[in-house]
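To start, the structure itself, in structure tokens.
Chains as they are written, first to last, in my numbering: chain F, 239 to 351; chain L, 975 to 1089.
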């Protein structure tokens, strides 16, 4: 089945620890994205990558880091510098051409205690 | 500044009655427009998309949306609500006059369907 896989579905971490969220796609899409979702705020763009070995900051990149070493993978690290990391994180991918829709994974719910 | 505004955070309808979810955007250029639906603790599913073809777009599950350039609107409608339509709906835009091709989301509208 083609799609986007995020793992794990639920993640718990202690405050001050870095944590990496996995996102893998087998759709052969060029572009990948990370969004954060908080209640009542829609989805906000953290980072995006239009091509392998290149990525750009989105609207709320502070406290996060990414890498894009392979076309199919776009892991997100939530660092200890992120002041309020508890949220629902969604990964997406698209062809990257003008106007094409994105396909989403099922999300990872991160809780920092 | 470019933005997407969903005018209602919550909409409640009775089963079998029409649904209207409103969306406006701000941009000088014709954007690409989408509606996505999200059920609790799930990812997002594409309902429909407008990409400069017909202004009335038909999507899945009986939903439609009409692009009105003069009003910069892209409202989502369905003639008759079903209980399974209860979910959160997002109006989403790709602003074509920027180099960034990422989706910009509205804040969402939670649809409740009463029996």
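Every residue, glycine too, gets a C-beta built ideally from N, C-alpha and C.
Contact set for residue i: own chain, Cβ-Cβ below 8 angstroms, skip 5 residues either direction
i, result
"residue 320 of chain F", "300, 301 and 302"
"residue 334 of chain F", "267, 268, 269, 288 and 289"
"residue 298 of chain F", "274, 282, 283 and 284"
"residue 291 of chain F", "306 and 307"
For residue i, the nearest candidate out of the options (CA to CA)
i, options, result
"residue 1088 of chain L", "L:1061, L:1020 and L:1028", "L:1061"
"residue 980 of chain L", "L:1049, L:1058, L:1054 and L:989", "L:1049"
"residue 1069 of chain L", "L:1008, L:1051 and L:992", "L:1008"
"residue 1046 of chain L", "L:1035, L:1057, L:1034 and L:1065", "L:1065"
"residue 317 of chain F", "F:253, F:247 and F:330", "F:253"
"residue 272 of chain F", "F:293, F:265 and F:322", "F:293"
Beta-carbon gap between residue i and residue j smaller than 8 angstroms
i, j, result
"residue 338 of chain F", "residue 332 of chain F", "yes"
"residue 1067 of chain L", "residue 985 of chain L", "no"
"residue 249 of chain F", "residue 328 of chain F", "no"
"residue 296 of chain F", "residue 1079 of chain L", "no"
"residue 1036 of chain L", "residue 1023 of chain L", "no"
"residue 1021 of chain L", "residue 1033 of chain L", "yes"
"residue 278 of chain F", "residue 983 of chain L", "yes"
Outcome for residue i when other beta-carbon atoms lying within 10 angstroms are tallied against a minimum of 16
i, result
"residue 255 of chain F", "exposed"
"residue 1086 of chain L", "exposed"
"residue 1059 of chain L", "buried"
"residue 1029 of chain L", "exposed"
"residue 258 of chain F", "exposed"
"residue 1005 of chain L", "buried"
"residue 308 of chain F", "exposed"
"residue 991 of chain L", "exposed"
"residue 1003 of chain L", "exposed"
"residue 995 of chain L", "buried"
Simplified DSSP state of residue i, which is helix, strand or coil
i, result
"residue 331 of chain F", "strand"
"residue 1068 of chain L", "strand"
"residue 284 of chain F", "strand"
"residue 1059 of chain L", "helix"
"residue 289 of chain F", "strand"
"residue 998 of chain L", "strand"
Close Cβ partners of residue i (< 6 angstroms) along its chain, the five nearest in sequence each way excluded
i, result
"residue 262 of chain F", "243, 310 and 311"
"residue 251 of chain F", "257 and 350"
"residue 1054 of chain L", "990"
Residue i Cβ short of 7 angstroms to the ligand GTP heavy atom set
i, result
"residue 1043 of chain L", "By its list of ligands, the structure shown contains no ligand whatsoever, and the ligand GTP lies outside what it can speak to."
Same chain only: Cβ atoms within 7 angstroms of residue i, ignoring 5 sequence neighbours per side
i, result
"residue 305 of chain F", "313"
"residue 1026 of chain L", "1004"
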